[in-house]
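*Asks:* Below is one structure. I have some questions about it.
6 protein chains.
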Amino acid sequence: MSTVNLIEHAQASDEVRAVFDDIKRTRNLPDVNNFWKVLANHPATLKRTWESLKEVMAPGALDPLMKEMLYVAVSVAQNCEYCVASHTAAAKKRGMTDEMLGELMAVIGMASETNRLAIGWRVPVDEALR
Amino acid sequence: MSTVNLIEHAQASDEVRAVFDDIKRTRNLPDVNNFWKVLANHPATLKRTWESLKEVMAPGALDPLMKEMLYVAVSVAQNCEYCVASHTAAAKKRGMTDEMLGELMAVIGMASETNRLAIGWRVPVDEALR
Amino acid sequence: MSTVNLIEHAQASDEVRAVFDDIKRTRNLPDVNNFWKVLANHPATLKRTWESLKEVMAPGALDPLMKEMLYVAVSVAQNCEYCVASHTAAAKKRGMTDEMLGELMAVIGMASETNRLAIGWRVPVDEALR
Amino acid sequence: MSTVNLIEHAQASDEVRAVFDDIKRTRNLPDVNNFWKVLANHPATLKRTWESLKEVMAPGALDPLMKEMLYVAVSVAQNCEYCVASHTAAAKKRGMTDEMLGELMAVIGMASETNRLAIGWRVPVDEALR
Amino acid sequence: MSTVNLIEHAQASDEVRAVFDDIKRTRNLPDVNNFWKVLANHPATLKRTWESLKEVMAPGALDPLMKEMLYVAVSVAQNCEYCVASHTAAAKKRGMTDEMLGELMAVIGMASETNRLAIGWRVPVDEALR
Amino acid sequence: MSTVNLIEHAQASDEVRAVFDDIKRTRNLPDVNNFWKVLANHPATLKRTWESLKEVMAPGALDPLMKEMLYVAVSVAQNCEYCVASHTAAAKKRGMTDEMLGELMAVIGMASETNRLAIGWRVPVDEALR
Chain R
1 MSTVNLIEHA
11 QASDEVRAVF
21 DDIKRTRNLP
31 DVNNFWKVLA
41 NHPATLKRTW
51 ESLKEVMAPG
61 ALDPLMKEML
71 YVAVSVAQNC
81 EYCVASHTAA
91 AKKRGMTDEM
101 LGELMAVIGM
111 ASETNRLAIG
121 WRVPVDEALR
Chain C
1001 MSTVNLIEHA
1011 QASDEVRAVF
1021 DDIKRTRNLP
1031 DVNNFWKVLA
1041 NHPATLKRTW
1051 ESLKEVMAPG
1061 ALDPLMKEML
1071 YVAVSVAQNC
1081 EYCVASHTAA
1091 AKKRGMTDEM
1101 LGELMAVIGM
1111 ASETNRLAIG
1121 WRVPVDEALR
Chain S
2001 MSTVNLIEHA
2011 QASDEVRAVF
2021 DDIKRTRNLP
2031 DVNNFWKVLA
2041 NHPATLKRTW
2051 ESLKEVMAPG
2061 ALDPLMKEML
2071 YVAVSVAQNC
2081 EYCVASHTAA
2091 AKKRGMTDEM
2101 LGELMAVIGM
2111 ASETNRLAIG
2121 WRVPVDEALR
Chain X
3001 MSTVNLIEHA
3011 QASDEVRAVF
3021 DDIKRTRNLP
3031 DVNNFWKVLA
3041 NHPATLKRTW
3051 ESLKEVMAPG
3061 ALDPLMKEML
3071 YVAVSVAQNC
3081 EYCVASHTAA
3091 AKKRGMTDEM
3101 LGELMAVIGM
3111 ASETNRLAIG
3121 WRVPVDEALR
Chain V
4001 MSTVNLIEHA
4011 QASDEVRAVF
4021 DDIKRTRNLP
4031 DVNNFWKVLA
4041 NHPATLKRTW
4051 ESLKEVMAPG
4061 ALDPLMKEML
4071 YVAVSVAQNC
4081 EYCVASHTAA
4091 AKKRGMTDEM
4101 LGELMAVIGM
4111 ASETNRLAIG
4121 WRVPVDEALR
Chain L
5001 MSTVNLIEHA
5011 QASDEVRAVF
5021 DDIKRTRNLP
5031 DVNNFWKVLA
5041 NHPATLKRTW
5051 ESLKEVMAPG
5061 ALDPLMKEML
5071 YVAVSVAQNC
5081 EYCVASHTAA
5091 AKKRGMTDEM
5101 LGELMAVIGM
5111 ASETNRLAIG
5121 WRVPVDEALR
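Heads up: the sequence lines are chains R, C, S, X, V and L, in that order. Here the numbering used here is used: the first residue of the first sequence is 1, the next is one more, and so on. Here the numbering used here is used: the first residue of the second sequence is 1001, the next is one more, and so on. Here the numbering used here is used: the first residue of the third sequence is 2001, the next is one more, and so on. Here the numbering used here is used: the first residue of the fourth sequence is 3001, the next is one more, and so on. Here the numbering used here is used: the first residue of the fifth sequence is 4001, the next is one more, and so on. Here the numbering used here is used: the first residue of the sixth sequence is 5001, the next is one more, and so on.
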């Protein structure tokens, strides 16, 4: 009855294997994370998600470390345990120091507090911000 | 019956006015946002929140623009309209370009999608990430 | 195309009117809130929701004011604007003072901050709390 | 100090046992899930919740499989691990295939992404949708 | 300082216009919704989002009406006002009756209640569901 | 790669130890919870969070048990497992009975259901509540 079924490289279809190989090559990893092994249960979602992610996380106006820290912030705010674990690790790999992690968490916590104060007190949006 | 009551500088107590003045001086603004005018209904919360925010948002291992963009990310992820409006404006003031805003939103959206995929498929945390 | 259609007492079916009358009598109000007028679009939901709410909010081990403040806390935490507005008003009607409102918001904000810190830092549950 | 206490059929009061028996009969199961064994700690909540659930999930304008998949969608969107596990199993029992599960997750993920884009970009509601 | 800027067809670049035309053709609409006009501020996100959405919402193991109702469920659970408005309208256009809408909301509400009960009581996942 | 590192009293810096000692004294506990041991990785956040929490949770217009139950409500609504576990235990220590816990959960569940009904049906805020 479990929803979880990990598709390993050896048992994967050609379509899935091509995506796995692209992930390993792009990220310079020996194997893909569980996330991708699970998505492989629905190959169309695996392919579309990886292609979107590759495009979104590529260097651009924001650098890759900045993007990973934003990913952590969203994952904490939405309370996704897997996502916090994997993207915190990815951010560390891209150069996030302990001090940066400490400040990242402090900002996330502070924003969560002021969010609730704004919502609870029903603060009207300032004219200048409309 | 409304919960919203905006305390203006002219009607504020000395305690509230001192906080308002510190906000205006620190941020170089002619007036404080509605957020602070509403918090002034509970002076202890106004003072504590401003002091915490000033400490958390000060330059450190992360620069102020980066911190504001993280604030936007949390606010979008938690769906706080006021907070999205005010912190997007603050990030623009600190130098966020249209292209940076576009990428910021793309990362937030992408993270929200993969969060749900990880949760819905019940992806087990990889041993290496525990 | 709007989903909102307010059913007024005069146009309501007998089944809906009976629920409206019970709400007005129980809460000693001249008319029901928009919430009930909208639920009346699906009479089975109107009836079931009102009967559940009446049972849950009745005096018990917790008093009605305490229950209304808990309702506000959940509504702020889940960011439901209508619910924050209506239950803050209901709590005031039951005796919540401005100082109590100030502390209520402070607790909600603080809890939101520490929630995120616990999630983001991935704090393991203490043995004694399992 | 744990909040969790599973009430088994053998130790249950008559009131609780009557609800357990109705759940087993209605769902054709040899035993009830942990969810019900925990709710039995507060018999009034057990009874009210089961009666509401039985009414809401009965065949109507939407068929039971459709309702279970909607339940999964809400559970993923609100990140309730227990609920995702139990309702995914229930949907499979009612006929959800692997391909349907794959599309279900894809829709949930996509909706989560566009939700955040709409919120983050502050998209104004179209006149025609008001 | 507003983040909202609606790009109309007449002022759009060729790249944006091609996406707008594809949306109008695919959905048989005279104009695109505000959502797309706002995304056009970041053409890469506009194009990627539309292509993903077209793929995910196409008829498959689940029919398009079912997919739209799932979209509504996620939007309500995540409290996205714009998304609730636009996808409820889309579901009605695809054949959702008032009775179906009533049951849809009832399921979403019920799931939200039992989600919180499962989380609050810390219900352990049944062995059979692991 | 894990983000979790528990700082014990023996290995803590003087600054961290002073906070730990104040927590133990204030709460009359032999040791601090894991939450504080983890926050100690970023001493500025440890100190600021403890001082804010001490101020917010002190007796005032609301009594400490009431405040702990509000904390539980927010934690359940935001789905923070650690926070539900620790604050339910703290509320029990302050006198919450099983019957109070049962009603607390019933109110949280009910509020979550009506929150979604208000959001999904797009209930307009009553004039009297604006």
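Glycine is no exception: its CB is placed at the ideal position from the N, C-alpha and C atoms.
From C83 (chain R) to T3049 (chain X), what does the alpha carbon distance come to, in whole angstroms?
*Replies:* Mapped onto the first sequence, residue 83 (chain R) falls at position 83. Mapped onto the fourth sequence, residue 3049 (chain X) falls at position 49. When rounded, the distance between both Cα atoms is 32 Å.
*Asks:* Could you give the distance in angstroms between the alpha-carbon of E4008 (chain V) and the alpha-carbon of A3073 (chain X)?
*Replies:* Numbered from its first residue, the fifth sequence carries residue 4008 (chain V) at position 8. Numbered from its first residue, the fourth sequence carries residue 3073 (chain X) at position 73. Their backbone Cα atoms lie some 34 Å apart in a straight line.
*Asks:* Three or more C-beta pairs closer than 8 Å, one from the region 4050-4065 of chain V and one from the region 3046-3061 of chain X: is that the case here?
*Replies:* Result no; under three Cβ-Cβ pairs closer than 8 Å.
*Asks:* D2055 (chain S) versus chain X: which residues are under 9 Å apart at the beta carbon?
*Replies:* Residue mapping note: residue 2055 (chain S) aligns to position 55 of the third sequence, counting from 1. Reading the sequence as shown, one finds Glu at residue 2055 (chain S) and not Asp. In chain order: A3044, R3048.
*Asks:* Assess contact between the region 4012-4031 of chain V and the region 3091-3108 of chain X, defined as three or more Cβ pairs (one per stretch) separated by less than 8 Å. Is contact present?
*Replies:* The region 4012-4031 of chain V, when compared against the region 3091-3108 of chain X, does not touch it at the 8 Å Cβ threshold.
*Asks:* Does any CB atom of chain L fall closer than 7 Å to the CB of S1013 (chain C)?
*Replies:* By one-based count along the second sequence, residue 1013 (chain C) stands at place 13. S1013 (chain C) does not count as touching chain L.
*Asks:* When you compare each of R:S86, R:V107, R:E103, R:E51 to L1129 (chain C) by their alpha carbons, which one comes out closest?
*Replies:* Taking the second sequence and counting its residues from 1, one reaches residue 1129 (chain C) at position 129. Among R:S86, R:V107, R:E103, R:E51, the Cα nearest to that of L1129 (chain C) is on R:S86.
*Asks:* Under 7 Å, do N41 (chain R) and I2119 (chain S) count as touching if we go by C-beta distance?
*Replies:* If you number the first sequence from 1, residue 41 (chain R) lands on position 41. If you number the third sequence from 1, residue 2119 (chain S) lands on position 119. Cβ atoms of N41 (chain R) and I2119 (chain S): not closer than 7 Å.
*Asks:* Quick one: does V4038 (chain V) have its CB under 7 Å from some CB of chain X?
*Replies:* Counting from one through the fifth sequence, the residue named residue 4038 (chain V) turns up at place 38. Yes, V4038 (chain V) lies at the interface with chain X (some Cβ there is under 7 Å from its Cβ).
*Asks:* Quick one: any contact between the region 5106-5118 of chain L and the region 4104-4114 of chain V, if contact means 3 or more CB pairs under 8 Å?
*Replies:* Counting Cβ pairs under 8 Å, three or more are found: they touch.
*Asks:* Could you give the uninterrupted runs of the alpha helix (DSSP H) lying entirely in the region 2032-2110 of chain S, keeping only those of 4 residues or more?
*Replies:* For the region 2032-2110 of chain S, whole alpha helix (DSSP H) runs of length 4 or above, ordered along the chain, are 2034-2039, 2043-2057, 2064-2077, 2081-2093.
*Asks:* Answer yes or no: does any C-beta atom of chain R fall closer than 7 Å to that of S4052 (chain V)?
*Replies:* Counting from 1 along the fifth sequence, the entry for residue 4052 (chain V) is found at position 52. Output row for S4052 (chain V): interface = yes.
*Asks:* Could you confirm whether any beta carbon from chain X is found closer than 7 Å to the beta carbon of M1096 (chain C)?
*Replies:* Along the second sequence, one-based indexing puts residue 1096 (chain C) at 96. No, no contact with chain X.
*Asks:* If the cut-off is 8 Å on Cβ atoms, which residues from the region 1074-1087 of chain C count as contacting chain X, listed in chain order?
*Replies:* Result list: V1076, A1077, N1079, E1081, V1084, A1085.
*Asks:* Indicate the three-state DSSP secondary structure (helix, strand or coil) for L117 (chain R) in the structure shown.
*Replies:* Position 117 of the first sequence, counting from 1, holds the residue named residue 117 (chain R). Note: L117 (chain R) maps to helix in three-state DSSP.
*Asks:* Since T45 (chain R) and A3106 (chain X) should fall inside the 8 Å C-beta cutoff, what is the C-beta to C-beta distance between them, to a whole number of angstroms?
*Replies:* To locate residue 45 (chain R), count along the first sequence from 1; it is residue 45. To locate residue 3106 (chain X), count along the fourth sequence from 1; it is residue 106. Contact flag correct, Cβ pair sits at about 5 Å.
*Asks:* For E68 (chain R), which residues of its own chain have a beta-carbon under 7 Å away from its beta-carbon, when the five flanking residues on both sides are left out?
*Replies:* By 1-based counting over the first sequence, the position of residue 68 (chain R) is 68. Closer than 7 Å at Cβ, skipping near neighbours: H87, A90, A91, R94.
*Asks:* Residues of chain X with a CB under 7 Å from the CB of M5066 (chain L): which are they?
*Replies:* What you label residue 5066 (chain L) is simply residue 66 of the sixth sequence in a count that begins at 1. In chain order: nothing, as chain X lies at least about 19 Å away.
*Asks:* Please report the straight-line C-alpha distance between V4123 (chain V) and W3036 (chain X), rounded to a whole angstrom.
*Replies:* The residue you call residue 4123 (chain V) lines up with position 123 of the fifth sequence. The residue you call residue 3036 (chain X) lines up with position 36 of the fourth sequence. Rounded to the nearest angstrom, the two C-alpha atoms are 9 Å apart.
*Asks:* List the residues of chain X that N1115 (chain C) touches, going by C-beta distances under 9 Å, in chain order.
*Replies:* For the purposes of this step, residue 1115 (chain C) is identified with residue 115 of the second sequence, where counting begins at 1. Near N1115 (chain C) (Cβ distances below 9 Å), the residues of chain X are N3079, G3109, S3112.
*Asks:* So which of L:N5034, L:T5026, L:V5019, L:G5060 has the shortest CA-CA distance to E2099 (chain S)?
*Replies:* On the third sequence, position 99 is the one that residue 2099 (chain S) refers to. Among L:N5034, L:T5026, L:V5019, L:G5060, the Cα nearest to that of E2099 (chain S) belongs to L:G5060.
*Asks:* Three-state secondary structure (DSSP) at E5008 (chain L)?
*Replies:* Along the sixth sequence, one-based indexing puts residue 5008 (chain L) at 8. The answer is coil: DSSP assigns E5008 (chain L) none of H, G, I, E or B.
*Asks:* Starting from the beta carbon of P5124 (chain L), find every residue of chain S whose beta carbon is closer than 7 Å, and list them in chain order.
*Replies:* For the purposes of this step, residue 5124 (chain L) is taken as the residue at position 124 of the sixth sequence. Within 7 Å Cβ-Cβ: V2004, N2034.
*Asks:* For E2103 (chain S), does the count of other Cβ atoms within 10 angstroms reach 16, so buried, or fall short, so exposed?
*Replies:* Position 103 of the third sequence holds residue 2103 (chain S). Buried is the call here.
*Asks:* When you compare the CB of G120 (chain R) with every CB in chain L, is at least one pair closer than 7 Å?
*Replies:* As a position in the first sequence, residue 120 (chain R) is number 120, starting the count at 1. Answer no: the Cβ-Cβ gap between G120 (chain R) and chain L never drops below 7 Å.
*Asks:* Taking C-alpha atoms, which residue in X:P3043, X:T3026, X:L3070, X:K3024 lies nearest to I4108 (chain V)?
*Replies:* By 1-based counting over the fifth sequence, the position of residue 4108 (chain V) is 108. Checked all of X:P3043, X:T3026, X:L3070, X:K3024; the closest Cα to I4108 (chain V) is X:L3070.
*Asks:* Who are the neighbours of E5099 (chain L) on chain S, taking C-beta pairs under 8 Å?
*Replies:* Within the sixth sequence, residue 5099 (chain L) is the residue found at index 99, counting from 1. Residues of chain S passing the Cβ test: G2060, A2061.
*Asks:* Should E1103 (chain C) be flagged as near chain R, meaning a C-beta pair shorter than 7 Å?
*Replies:* Translated into positions along the second sequence, residue 1103 (chain C) becomes position 103. For E1103 (chain C), the answer is yes, since a Cβ of chain R falls inside 7 Å of its Cβ.
*Asks:* Would a check of beta-carbon distances place A3090 (chain X) closer than 7 Å to chain R?
*Replies:* Position 90 of the fourth sequence, counting from 1, holds the residue named residue 3090 (chain X). By this cut-off, A3090 (chain X) is not an interface position.
*Asks:* For D2021 (chain S) and P2043 (chain S), what's the separation of their Cα atoms in angstroms?
*Replies:* Within the third sequence, numbered from 1, the residue matching residue 2021 (chain S) stands at position 21. Within the third sequence, numbered from 1, the residue matching residue 2043 (chain S) stands at position 43. Those two C-alpha atoms are separated by around 14 Å.
*Asks:* Starting from E15 (chain R), trace the alpha helix (DSSP H) in both directions and tell me its first and last residue.
*Replies:* If you number the first sequence from 1, residue 15 (chain R) lands on position 15. First-last of the alpha helix (DSSP H) with E15 (chain R): 14-27.
*Asks:* Can a CB atom of chain B be found closer than 7 Å to the CB of A1106 (chain C)?
*Replies:* The chain inventory of the structure shown lacks chain B, comprising the protein chains R, C, S, X, V and L.
*Asks:* Would N33 (chain R) and D1126 (chain C) qualify as a contact pair, given that the criterion is a beta-carbon distance under 7 Å?
*Replies:* Along the first sequence, one-based indexing puts residue 33 (chain R) at 33. Along the second sequence, one-based indexing puts residue 1126 (chain C) at 126. Yes, Cβ-Cβ distance for N33 (chain R) and D1126 (chain C) is below 7 Å.
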